[in-house]
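Protein chains: 2
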Amino acid sequence: MRFSGSARITEKKCHNGNDQPEVRVEYKTARGMINDTQVINAAFRGSFEPALIEEINRTGIYQEVEEGEYLIRPGSYIRSVPIILSGSIKIMRPDASGNEALLYYLSGLDSCAISMTGTPDNKPSEITAVAEEKTRLIFIPIEKVDEWICRFPTWKQFVFRTYQRRFDDMIATIDSIAFQKLDERLLTYLKKKTRSCQCTVLQITHEEIAREMATSREVISRLLKQLERVGYLRLSRNKIEIL
Amino acid sequence: MRFSGSARITEKKCHNGNDQPEVRVEYKTARGMINDTQVINAAFRGSFEPALIEEINRTGIYQEVEEGEYLIRPGSYIRSVPIILSGSIKIMRPDASGNEALLYYLSGLDSCAISMTGTPDNKPSEITAVAEEKTRLIFIPIEKVDEWICRFPTWKQFVFRTYQRRFDDMIATIDSIAFQKLDERLLTYLKKKTRSCQCTVLQITHEEIAREMATSREVISRLLKQLERVGYLRLSRNKIEIL
DNA sequence: TCGCCCGTGTGACTTATATCACGGAACCGC
DNA sequence: GCGGTTCCGTGATATAAGTCACACGGGCGA
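Just so you know, the sequences run in chain order A and B.
Residue numbers for the first sequence follow the working numbering, so the first one is 1 and each next one is one higher.
Residue numbers for the second sequence follow the working numbering, so the first one is 1001 and each next one is one higher.
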């Protein structure tokens, strides 16, 4: 573990891609915090062999990010692979005109498949990753991902399972955009969301939902109202409570 | 190479998923045909090391499929990974009510990432793979994919590049469904299609395009007519000529 | 406390897409 | 050539979704 304590990404949420796309990270050492090594040991015991956990402790970078902080932006280069310890991360695909489509969520012990192969040929990332809530994660340098594949069977398994899951997620996303109508999509969206954050009260604006579903605020407001009338949820400012 | 000559999949195109989902394959030996070993050597020289090519020759299964033949259907189990030597394969995602969304095409030396991890947990495939034209390919048993990763660096590279490409394809698909209007989508569809078959005359019906784009025949007819008026293409029965 | 901004609710309207209905043209087997 | 079948073109109409306009209310800072 090269850095102990929390690392804060200073840039906050912002939907304009024109300002500087680089994410600046400040590391601050911390004493008296949770011992990272122990956290990691606990998280991976059972999944990975001890030697691998040891390696992760040595070379991984532990970070904590707050809700709304950006991990990856389109235009940046991916040099390491995140593994989520707790919390959840939202992976999105922005288009040219300010919309973004939700690709999938990452949570407990998930990893992002897109980043596994890095950004080859000096092609920058085309996706956005943003924390949904306070999230703890470990970054594994990309060379290690490759190296460990042959050294640790459980790692190879992990990498392949990650790919598999992300593919399934993406197919589910395509399904939903291609075949479902907006009201059904909204329902599956809300379900996914509650599952990823493991709570029934979502802190979110209609505007944000609309952006993630690549539609407009008014239609989301109407559909939500409809769902409220049916008794599926309760609405208030910045808050949606699922019943 | 365990089987020489062509293998024909007897079931023909059919859009009803209810009949038996298994794909039955008859192998027939062939003399006087192209020597498979030489074909394979030629295809992979430069990309793979000789020892790997040797392995592929020993354990791969060579097949030729005709246009419209199915390689994978939803409900079947994936036990081997195809590598396309020539021709092209279309990967689609069907929904419950007879529609199917196009995920991506595979052509020269591509492989299908979804199949790489097989269908784990005894979960059957959720996709459809159908030949776009006469296609020659090699099936690699799924255990080998795994085994070779550590033995052959070029294979590892190949596997990762395959994942990367398919991810990019899927993201492009999501982009197009989520953000583009139908006329733009039709254009990108036609472009992809011509690229994958490397020709300017498409043998296809409006009905089929509609199904792949998860819309209805009439709207495609209208949009195509519009593109013809603009001078982008010329229409005739079962044929679209791009200008 | 006043004004302002943000998030929301909603009516009126436009546009895009889907569906229905039908007719005609091309092709195919006999 | 003839009848049937598949494919294509097109109008009329219905529905879903997007856009515009505006009003309301709560929170919050001056």
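Cβ coordinates follow ideal geometry from the N, Cα and C atoms, glycine included.
Just so we're clear, the structure is a prediction, and the values are computed from it rather than from any experiment.
One or two residues paired with residue i in a DSSP bridge
i, result
"Ile1061 (chain B)", "B:Phe1139"
"Tyr70 (chain A)", "A:Val130"
"Phe1048 (chain B)", "B:Arg1045"
"Glu241 (chain A)", "A:Val201 and A:Arg234"
"Val81 (chain A)", "A:Ile140"
"Ser1086 (chain B)", "B:Arg1136"
"Ser111 (chain A)", "A:Ile83"
Per-residue burial, residue i [other beta carbons within 10 Å of its own, 16 or more giving buried]
i, result
"Val1230 (chain B)", "exposed"
"Cys112 (chain A)", "buried"
"Ala178 (chain A)", "buried"
"Ser60 (chain A)", "Going by the sequence as given, residue 60 (chain A) is Gly instead of Ser. By the neighbour-count rule (16 or more Cβ atoms within 10 Å), Gly60 (chain A) is buried."
"Arg244 (chain A)", "No information on residue 244 (chain A) is available, as it lies outside the stretch 1 to 243 that chain A covers here."
"Asp1110 (chain B)", "buried"
"Tyr1077 (chain B)", "exposed"
"Pro1124 (chain B)", "exposed"
"Glu1055 (chain B)", "buried"
"Pro1082 (chain B)", "buried"
"Ala51 (chain A)", "exposed"
"Ser1115 (chain B)", "buried"
"Gln38 (chain A)", "exposed"
"Gln226 (chain A)", "exposed"
"Tyr1163 (chain B)", "buried"
Residue range of the unbroken beta strand (DSSP E) whose run includes residue i
i, result
"Met1092 (chain B)", "Ile1089 to Pro1094"
"Leu106 (chain A)", "Glu100 to Leu106"
Residues near residue i in its chain [Cβ-Cβ closer than 7 Å; skip 5 each side]
i, result
"Cys197 (chain A)", "Ser88, Glu132 and Glu133"
"Pro94 (chain A)", "Gly17, Pro74, Glu100 and Thr128"
"Glu1067 (chain B)", "Ala1131, Glu1132, Glu1133 and Lys1134"
"Ala42 (chain A)", "none"
"Leu1085 (chain B)", "Val1039, Ala1043, Arg1136, Leu1137 and Ile1138"
"Leu1106 (chain B)", "Ile1084, Ser1088, Ile1089, Ile1091 and Cys1112"
8 Å Cβ shell around residue i - same chain, five flanking residues per side excluded
i, result
"Ile240 (chain A)", "Leu190, Val201, Leu202, Ile204, Leu224, Leu233 and Arg234"
"Gln1180 (chain B)", "Thr1188"
"Phe167 (chain A)", "Ala113"
"Glu1184 (chain B)", "Ser1176"
"Ser80 (chain A)", "Ile61, Ser115, Phe139, Ile140, Pro141 and Ile142"
"Asn238 (chain A)", "Gln203, Ile204 and Thr205"
"Glu1126 (chain B)", "Pro1074 and Arg1093"
"Leu182 (chain A)", "Met213, Thr215, Val219 and Leu223"
Nonlocal neighbours in the same chain, by C-beta distance under 6 Å from residue i, ignoring five residues either side
i, result
"Ile242 (chain A)", "Thr194, Thr200 and Leu233"
"Ser1236 (chain B)", "none"
"His1206 (chain B)", "Arg1217, Ile1220 and Ser1221"
"Leu1071 (chain B)", "Ala1129"
"Arg1031 (chain B)", "Unreliable placement is indicated for Arg1031 (chain B), whose pLDDT of 33 sits below 50; the coordinate value is still reported in the next sentence. Same-chain partners within the cutoff: there are none."
"Thr1154 (chain B)", "Phe1048 and Glu1049"
"Lys1156 (chain B)", "Ile1149"
"Leu102 (chain A)", "Met92 and Glu212"
"Phe1044 (chain B)", "Ile1053"
"Tyr270 (chain A)", "Because chain A spans 1 through 243 in this model, residue 270 (chain A) falls outside it and cannot be assessed."
"Lys1144 (chain B)", "Thr1059"
"Ala1214 (chain B)", "Asn1099 and Ala1101"
"Ile1209 (chain B)", "Ile1220"
Residue i: first and last residue of the uninterrupted alpha helix (DSSP H) it sits in
i, result
"Thr1215 (chain B)", "Here Thr1215 (chain B) belongs to no alpha helix (DSSP H), and DSSP marks it neither H nor E."
### Query
Curious, which full-length beta strand (DSSP E) runs of at least 3 residues does the region 143-208 of chain A contain?
none
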